[in-house]
Amino acid sequence: MLVTDRDCQSGGARFAVPTLGEIEGKLLVSEAIAIACLRELFAHSDDTAVPSLKRRIRRLLETRCHAEKLCHDDTEAAVEYAFQLVEAAAEAAGRKTAVSSKPGGCETIRRLRAMHGPSRS
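Structure, rendered in structure tokens:
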């Protein structure tokens, strides 16, 4: 797992460049936290939660991507990924959402859906 204090680590853990396994592990933890938080939000909110959340996510990502000087295509890809994650969480929480632009979603979304069992339609 990615650590913040590499100087105190032994072996490969003290190298500055993380391995793919470390990156995947960090992403997996982030996804698990995000899905748990979103499921909790959806369990205690009304039907306006998803559209409101998507608007806020779009604004935040556009601001952050602009600050990082990312191009429009990269910004839109980040927004699309975030929306897929929100839709997967809504689906896992038993909520219906707007139709995703990509049927089945990306590999991460399929993995998230698999983590939370079969879809409840």
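So that you can map any letter, position 22 of the sequence shown is 21 in numbering that gives the first Met the number 0, and since no number is skipped, the others follow by simple counting. All C-beta atoms, glycine included, are put in the ideal place defined by N, C-alpha and C.
What's the gap between the Cα of residue 24 and the Cα of residue 30?
The residue given as residue 24 occupies position 25 in the sequence shown. The residue given as residue 30 occupies position 31 in the sequence shown. Each residue's alpha carbon lies about 10 Å from the other.
When you compare each of 40, 38, 42 and 81 to residue 61 by their alpha carbons, which one comes out closest?
The residue given as residue 61 occupies position 62 in the sequence shown. Ranking the options by Cα distance to residue 61, first place goes to 81.
Within the chosen definition, does the region 69–89 reach the region 43–58 through at least 3 CB pairs nearer than 8 Å?
yes
My understanding is that residue 19 touches residue 88, with C-beta atoms under 8 Å, so please give their C-beta distance in whole angstroms.
Translated into positions along the sequence shown, residue 19 becomes position 20. Translated into positions along the sequence shown, residue 88 becomes position 89. About 25 Å separates the two Cβ atoms, so there is no contact after all.
Could you tell me whether the Cβ atoms of residue 33 and residue 69 are closer together than 8 Å?
Residue 33 sits at position 34 when you count from the first residue of the sequence shown. Residue 69 sits at position 70 when you count from the first residue of the sequence shown. Going by C-beta atoms, residue 33 is not nearer than 8 Å to residue 69.
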